[in-house]
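Peer 1: Residue numbers (this note's numbering), protein chains in the order written: chain A, 1 to 253; chain Y, 1001 to 1941. Starting off with a structure, shown below.
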Amino acid sequence: MTQLPPPSAKKLGLVIDLDTCVGCHACVISCKGWNTENYGAPLSDQQAYGANPSGTFLNRVHSYEVQPDQGAAQLIHFPKSCLHCEDAPCVTVCPTGASYKRAEDGIVLVNESDCIGCGLCAWACPYGARELDAKEGVMKKCTLCVDRIYNENLPEEDRQPACVRTCPAGARHFGDLGDENSDVSKLVAERGGFDLMPEQGTKPVNKYLPPRPKDEMPEFDVLAPYLEPIASDGKGFVGWLDKALSALPGGAK
Amino acid sequence: MSLDQPQLDTSPAVSDEVRKTTCYMCACRCGINVHMKDGKVAYIEGNKDHPVNQGVLCAKGSAGIMQHNAPSRLRAPLKRVGPRGSGEFEEISWEEALTMATDWLKPIRENNPEKLAFFTGRDQSQSFTGFWAQGFGTPNFAAHGGFCSVNMAAAGIYTMGGAFWEFGQPDWDHTKLFMLFGVAEDHDSNPIKMGIGKLKKRGARMVGVNPIRTGYNAVADDWVGITPGTDGLFILAMVHCLMKAGKVDLDYLARFTNASVLINQDPKSDQYGLFLRDKDGQPQVIDRNTGQLAAWNGKGVDPDLAGTYRAKGISHRPVFHLMADRYLSDEYAPEAVAERCGIPAERIRALAADLARVAFDEAIELDRPWTDFRGKKHDKMIGRPVSFHAMRGISAHSNGFQTCRALHVLQIILGSVEVPGGMRFKPPYPKPATAHPKPHGKVTPGAALDGPHLGYTHGPEDLLLHDDGSPKRIDKAYTWDNPMSAHGLMHMVISNAHAGDPYKIDTLFMYMANMSWNSSMNTGGVTRMLTDKDENGDYVIPHIIYSDAYSSEMVAYADLILPDTTYLERHDCISLLDRPICEADGVADAIRWPVVEPDRDVRGFQSVLCDLGARLGMPGFVNEDGSQKYQGYADYITNHIRRPGVGPLAGFRNADGSGKGRGDVNPDQIQNYIDNGGFWLEHVPENAAYYKPFNAEYQDWAVKMGFYDAVQPYIFQLYVEPLRKFQAAAEGIGERQPPEHLRERLKVTMDPLPIWYGALEDDQVDLDTYPVHALTQRPMAMYHSWGTQNAWLRQIHGHNPLYVPTKIWEANGFAEGDWAKVSSAHGSIVVPVAHQASLNANTVWTWNAIGKRKGAWALDEGATEATKGFLLNHLIHELLPPKGDGLRWANSDPVTGQAAWFDLRVKIEKSAVPNEAQPAMPAIKSPVGKGPSELEWKVGK
Chain A
1 MTQLPPPSAK KLGLVIDLDT CVGCHACVIS CKGWNTENYG APLSDQQAYG ANPSGTFLNR
61 VHSYEVQPDQ GAAQLIHFPK SCLHCEDAPC VTVCPTGASY KRAEDGIVLV NESDCIGCGL
121 CAWACPYGAR ELDAKEGVMK KCTLCVDRIY NENLPEEDRQ PACVRTCPAG ARHFGDLGDE
181 NSDVSKLVAE RGGFDLMPEQ GTKPVNKYLP PRPKDEMPEF DVLAPYLEPI ASDGKGFVGW
241 LDKALSALPG GAK
Chain Y
1001 MSLDQPQLDT SPAVSDEVRK TTCYMCACRC GINVHMKDGK VAYIEGNKDH PVNQGVLCAK
1061 GSAGIMQHNA PSRLRAPLKR VGPRGSGEFE EISWEEALTM ATDWLKPIRE NNPEKLAFFT
1121 GRDQSQSFTG FWAQGFGTPN FAAHGGFCSV NMAAAGIYTM GGAFWEFGQP DWDHTKLFML
1181 FGVAEDHDSN PIKMGIGKLK KRGARMVGVN PIRTGYNAVA DDWVGITPGT DGLFILAMVH
1241 CLMKAGKVDL DYLARFTNAS VLINQDPKSD QYGLFLRDKD GQPQVIDRNT GQLAAWNGKG
1301 VDPDLAGTYR AKGISHRPVF HLMADRYLSD EYAPEAVAER CGIPAERIRA LAADLARVAF
1361 DEAIELDRPW TDFRGKKHDK MIGRPVSFHA MRGISAHSNG FQTCRALHVL QIILGSVEVP
1421 GGMRFKPPYP KPATAHPKPH GKVTPGAALD GPHLGYTHGP EDLLLHDDGS PKRIDKAYTW
1481 DNPMSAHGLM HMVISNAHAG DPYKIDTLFM YMANMSWNSS MNTGGVTRML TDKDENGDYV
1541 IPHIIYSDAY SSEMVAYADL ILPDTTYLER HDCISLLDRP ICEADGVADA IRWPVVEPDR
1601 DVRGFQSVLC DLGARLGMPG FVNEDGSQKY QGYADYITNH IRRPGVGPLA GFRNADGSGK
1661 GRGDVNPDQI QNYIDNGGFW LEHVPENAAY YKPFNAEYQD WAVKMGFYDA VQPYIFQLYV
1721 EPLRKFQAAA EGIGERQPPE HLRERLKVTM DPLPIWYGAL EDDQVDLDTY PVHALTQRPM
1781 AMYHSWGTQN AWLRQIHGHN PLYVPTKIWE ANGFAEGDWA KVSSAHGSIV VPVAHQASLN
1841 ANTVWTWNAI GKRKGAWALD EGATEATKGF LLNHLIHELL PPKGDGLRWA NSDPVTGQAA
1901 WFDLRVKIEK SAVPNEAQPA MPAIKSPVGK GPSELEWKVG K
């Protein structure tokens, strides 16, 4: 089995804001496009125009309905990709060393030339974040766009994962979660960012920001002063209007 | 195993070249960077410099590479060889195709130009296609607005000179409370997501008003699960609360709206309900400085909201008094509307109170001095930071026009339109109804129409009626049926042409509109109309020409197919003359250009029209010597002059590219756009950025930029006088009178102040039998039919269950995997169901246009889109159920003719699980075969 490197100081990852994600799938397709053309084997599609199309995606958005005890049901959009865990079970389970965690930044990758497509890593991942490409027979997973984030052929502002660059609502953030002063770490601290399934003991680097409370508009009695009636009908309103207008600057006629 | 990491190249080459153009995966028109490798499209991302999307891109946009390479692309012109609807075609040359089209069209133009009905769908070149139709001389032209959102557009133009999306947007950087009513996702796609992101970042609040809590509503801080079709009632109840509490912006109302304008109040007068006007025709107000009458726009005039005037025994009261009389009525009290709207009265009050709190207690001030059109100087810009956005959700009802008007009036009484934090117009808007053309429909055989087809009516005299009262247009636009049908009624064209009501046509010519499928109500009925034959065995609609880039369902129903290019292979201009891409702080337009050349025998449709126009000898399309004027669309874009100095593109005018807005032709203009990233943007001067209709600096800038030729300040029309003119006619005033059967309806629906009335269909349908509302929504990851040919997007939305709320789910004992029979007064479908709790308790819904017909879009006949996917369209008729009077009543808004898609009422019953969704229409033969089974789309080495 494969060993993990000592924990890196730099822990690159994503912070995903569940309060802002509208579930548009922009990140899903941008990822599909970049990673089909770039890193490793293309992400293939089977029965692309057939009865039951299926293909390899490194990032998918799921939607869950939540029914609170009180009030209306809510819908949460939940994008999911590799969380680049510190204790990544997908790495330690790999029989060939193809799965590895980078010592310098913690990104979990698959060296496709060593991957035998045995699928053990996908079984070991509690998040279901790895997909075996049906055409190439190799394991595919989020690379955190390792071929973008350091890429000197890209303008500096574009050196971020494709999913982050494209996200229309700005719900996805990329940075160093090992640096407590980084923007992403501050965001996690401010918004109560959380680990996905911490009980699995995988220590995911990616964090999720929780949805803010919904449907908590103040009761009307708090707001009632704003609607204190000045009239009960059109005639009363006209009377009020005359007074109100004369109170405006330059209003006294 | 070892810890040796493989050597990784973290700086691989990204592409050989980046070509910047405009997306066309939906109507949003974002800027895209197309990365090229070996001359092929390798990757598409958002253009960071582009005003619309600023670098971001949605799922559709990123999947453009799959659209561009879709196996459903048409390859060559097609001539029908089997019966209509069979899909049997033969490929022909362009010369043969254009000769055939010319042979059909030339005699029509010479003898009866109205026998051509030319309607375009979701194209973005309406100022060009309209120009072509005008040159042809037919009155029968429109695009798809009539079945989309004309209620929103027309209500906005008549009320305040623009509505949302292309016309206006919330002030995302300053607004503190944003209320969003139902929207089709592409109206406006990425800018709304970006705006919501900005609100979230600033901690501003968002309220979603929508029967369905998905997408934007899922992230809204508060969700109001309103009953469909009652938005107008809800809005007017908030207007009631705000007026009753005096929470209205009196200064704004007095100065910048017609709340102060005097209305004739004598029911015996032929001027009853009309503005008091001076001898120059200017509406009158009482000037607070003098207490005397004055023109609304007089220099230094200070209009009095409460001023009345009596002369010659006739009383005149200001509009604001009439509003008080109407909206303070208990009819609009929250208690009176709560049950109907499905919103508790206390909640309506709380929402109104919150609007008042934010608008007035949290007002903002920008230190920007400005001068209004009356010459009054203001040292600050005061903002009411509440904003709204709405599109199809409230407009696709038969009460949609008045509902959209109600929303605009709500914004205006709060003083939140064109102010910091409120709703802002995007140049060249605002532009009042009076600055738009009137509709034209005078036909002269062999010559051009007398003016542009579409425009704004201001009274009965502007209707397009023959002397005998019959409609001039095939779709009956601008008739008493729908006097303000500013976008035409595309959904009625085939139905009316088939019925010969008002007359028969010879050729139906359509572009990019899937009328035999998801773009029509009553899909099965429409396919029968398209294939119906007369007693001689000839098709009732003799000729059908259709242009599309893809093998859509409509292709099978045409006789001649003119194959279009994909959006990456064509020239286009997103023009200020049309539906521009501007932002509130800037005027902008954009192009598409062939970033790759077509590898098929296809041509851009607009270039084909340049060719056809020349073959037909149409004015504007031939030179003096009769030769073809424009060699293609790019030539037209560069060289066409609409008004002196004004052409399709506003940027880089004059030979040296220096002209902004106005200027001479620049032969290198398109290259200048390409060099600039595919667009042009000019910022609005800072002190002209708000109060645009009233702001002298903005008005001067607008003239300089060529939006119009003289300054035209105006005030918002809370009271729309043209509506009153139609209403007055229905009351018997004036020469031009409506037919008796429409009189009562016109009296009610053409009210000059916003009202609410129930859906027209509700009067004709037994609501005990059909109690449930049924809606569609457009998914964020798919656009109309286009998405299903896209190998990536169809994996996100491969079929569409009917989402059912808990109450109906439990009442029917539904379980996962069940199917239901859904029936309306018109028809029934059998479809899969799924449970959704976050849904109005009396509403079901599904995704729009996922369902596909077998054989279309190069899909396998077993595709889930065809076996489990379905259309709600089968349940919706283009006509209301018969009333027994022998008349064909359109299922449309009675003011604008907008298709009332969302008035649909259904019943739901559990069904046995069928083999596939019903009705299952027979397969059509694919003219392009089927797509490959496996994809591995990597173009680089």
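Cβ coordinates follow ideal geometry from the N, Cα and C atoms, glycine included.
If you compare alpha carbons, which of Ile1715/Y, Tyr1714/Y and Glu1686/Y is closest to Trp1701/Y?
Peer 2: Looking at the Cα atoms, Glu1686/Y is the closest of the given residues.
Peer 1: Between Asp1585/Y, Glu1735/Y and Thr1523/Y, which lies nearest to Ala1689/Y when the distance is taken from Cα to Cα?
Peer 2: Ranking the options by Cα distance to Ala1689/Y, first place goes to Asp1585/Y.
Peer 1: For the beta strand (DSSP E) holding Pro89/A, just list the boundary residues, first then last.
Peer 2: Premise fails: Pro89/A lies in the alpha helix (DSSP H), Pro89 to Thr92, not in any beta strand (DSSP E).
Peer 1: So Arg1745/Y is in the beta strand (DSSP E); what residue range does that whole segment cover?
Peer 2: Arg1745/Y -> not in any beta strand (DSSP E); alpha helix (DSSP H) instead, spanning Glu1740 to Thr1749.
Peer 1: List the endpoints of the continuous beta strand (DSSP E) containing Gly1383/Y.
Peer 2: Element bounds for Gly1383/Y: Met1381 to Gly1383.
Peer 1: Residues bridged to Met1423/Y by DSSP?
Peer 2: Answer is Pro1170/Y and Val1417/Y, bridged to Met1423/Y.
Peer 1: In whole angstroms, give me the CA-to-CA distance for Cys145/A and Val61/A.
Peer 2: The alpha-carbon atoms of Cys145/A and Val61/A are separated by roughly 18 Å.
Peer 1: According to the neighbour-count rule (16 or more other Cβ atoms, all chains shown, within 10 Å of its Cβ), is Lys1907/Y buried or exposed?
Peer 2: So Lys1907/Y ends up on the buried side.
Peer 1: Helix, strand or coil for Tyr1216/Y? Go by DSSP, reduced to three states.
Peer 2: Note: Tyr1216/Y maps to helix in three-state DSSP.
Peer 1: At a Cβ threshold of 8 Å, is Asp1222/Y touching chain A?
Peer 2: Chain A, which has a Cβ nearer than 8 Å to the Cβ of Asp1222/Y, makes this yes.
Peer 1: Under the rule that 16 or more other beta-carbon atoms within 10 Å means buried, what is Ser1149/Y, buried or exposed?
Peer 2: Result: buried.
Peer 1: Between the region 181-203 of chain A and chain Y, which residues of the former have CB atoms less than 8 Å from a CB of the latter, in chain order?
Peer 2: From the region 181-203 of chain A, no residue has a Cβ closer than 8 Å to chain Y.
Peer 1: Could you please give me the residues that DSSP links to Tyr64/A through a beta bridge?
Peer 2: DSSP, once it has assigned bridges, lists Ile76/A as partnering Tyr64/A.
Peer 1: Measure from the alpha carbon of Thr1120/Y to the alpha carbon of each residue in Gly1451/Y, Asp1186/Y and Met1512/Y, then state which is nearest.
Peer 2: Here the closest residue by C-alpha is Met1512/Y.
Peer 1: Alpha carbons only, please: which of Arg1357/Y, Phe1360/Y and Ile1382/Y is nearest the one belonging to Pro1369/Y?
Peer 2: The shortest Cα separation from Pro1369/Y among Arg1357/Y, Phe1360/Y and Ile1382/Y belongs to Ile1382/Y.
Peer 1: Mapping DSSP to helix, strand and coil, what is Glu199/A?
Peer 2: Helix.
Peer 1: Thinking C-beta only, is Gly1085/Y closer than 8 Å to Thr1527/Y?
Peer 2: Yes, the pair counts as a contact, with Cβ atoms nearer than the cut-off.
Peer 1: What residue range does the beta strand (DSSP E) around Gln1777/Y cover?
Peer 2: Note, Gln1777/Y: beta strand (DSSP E), Val1772 to Gln1777.
Peer 1: Since Glu219/A meets chain Y, which of its residues come closer than 8 Å, beta carbon to beta carbon?
Peer 2: Going along chain Y in sequence order, the residues near Glu219/A (Cβ under 8 Å) are Glu1346 and Ala1350.
Peer 1: When the Cα atoms are used, what is the spatial distance from Lys1193/Y to Ala169/A?
Peer 2: Approximately 5 Å between the Cα atoms of the pair.
Peer 1: Of the residues Val1034/Y, Pro1071/Y and Asp1049/Y, which one's Cα is nearest the Cα of Ser1062/Y?
Peer 2: Ranking the options by Cα distance to Ser1062/Y, first place goes to Val1034/Y.
Peer 1: For Lys1504/Y, which residues from the same chain have a beta carbon less than 7 Å from its beta carbon, with the 5 sequence-adjacent residues on both sides left out?
Peer 2: Same-chain partners within the cutoff: Ala1497.
Peer 1: With DSSP as the reference, label Pro1832/Y as helix, strand or coil.
Peer 2: Residue state, collapsed to three classes: strand.
Peer 1: List the endpoints of the continuous alpha helix (DSSP H) containing Lys1106/Y.
Peer 2: Per DSSP, Lys1106/Y belongs to the alpha helix (DSSP H) from Trp1094 to Asn1111.
Peer 1: Quick one: using the 10 Å Cβ neighbour count with 16 as the cut-off for buried, is Ser232/A buried or exposed?
Peer 2: The residue is exposed, with fewer than 16 neighbouring Cβ atoms inside 10 Å.
Peer 1: Is it the case that the region 1022-1034 of chain Y contacts the region 120-130 of chain A, given that we only count it when at least three CB pairs across the two stretches are under 8 Å?
Peer 2: Flag = no, the region 120-130 of chain A and the region 1022-1034 of chain Y do not touch.
Peer 1: Does DSSP put Gln1918/Y in a helix, a strand or coil?
Peer 2: In the structure shown, Gln1918/Y sits in a strand (DSSP, three-state: E or B).
Peer 1: Does the Cβ-Cβ distance between Leu1414/Y and Val1386/Y come in under 8 Å?
Peer 2: Going by C-beta atoms, Leu1414/Y is nearer than 8 Å to Val1386/Y.
Peer 1: Could you please tell me which residues of the region 24-40 of chain A, in chain order, have their CB closer than 9 Å to any CB of chain Y?
Peer 2: Within the region 24-40 of chain A, the qualifying residues are Cys24, His25, Ala26, Cys27, Val28, Ile29, Ser30, Cys31, Lys32, Gly33, Trp34, Thr36, Glu37, Asn38 and Tyr39.
Peer 1: Relative to the C-alpha of Ser113/A, which residue among Arg159/A, Met139/A, Thr56/A and Val66/A is closest?
Peer 2: Nearest of Arg159/A, Met139/A, Thr56/A and Val66/A to Ser113/A, Cα basis: Met139/A.
Peer 1: Take the Cβ of Leu1767/Y as the centre, count every other Cβ of all protein chains shown within 10 Å, and call the residue buried at 16 or more, exposed below.
Peer 2: When all chains shown are included, Leu1767/Y counts as exposed.
Peer 1: What does DSSP give as the partner residue(s) for Ala1845/Y in the beta ladder?
Peer 2: This sequence places Trp at residue 1845/Y; Ala is not what is there. In the DSSP output, where bridge partners are listed per residue, Trp1845/Y has Leu1775/Y and Tyr1803/Y.
Peer 1: By Cβ distance, which residues of its chain are closer than 6 Å to Met1782/Y, with the 5 residues on each side in sequence left out?
Peer 2: For Met1782/Y, where only same-chain residues beyond five positions count, the Cβ hits under 6 Å are Leu1793 and His1797.
Peer 1: Within this structure, are the beta carbons of Ala1333/Y and Val238/A separated by less than 8 Å?
Peer 2: No; because the gap between Cβ atoms is not below 8 Å, this pair is not in contact.
Peer 1: Tell me the DSSP bridge mates of Ile1314/Y?
Peer 2: Looking at the DSSP assignment, Ile1314/Y forms a beta bridge with Ala1311/Y.
Peer 1: Going by DSSP, what residue range makes up the alpha helix (DSSP H) through Leu1530/Y?
Peer 2: Unbroken alpha helix (DSSP H) run through Leu1530/Y: Thr1523 to Thr1531.
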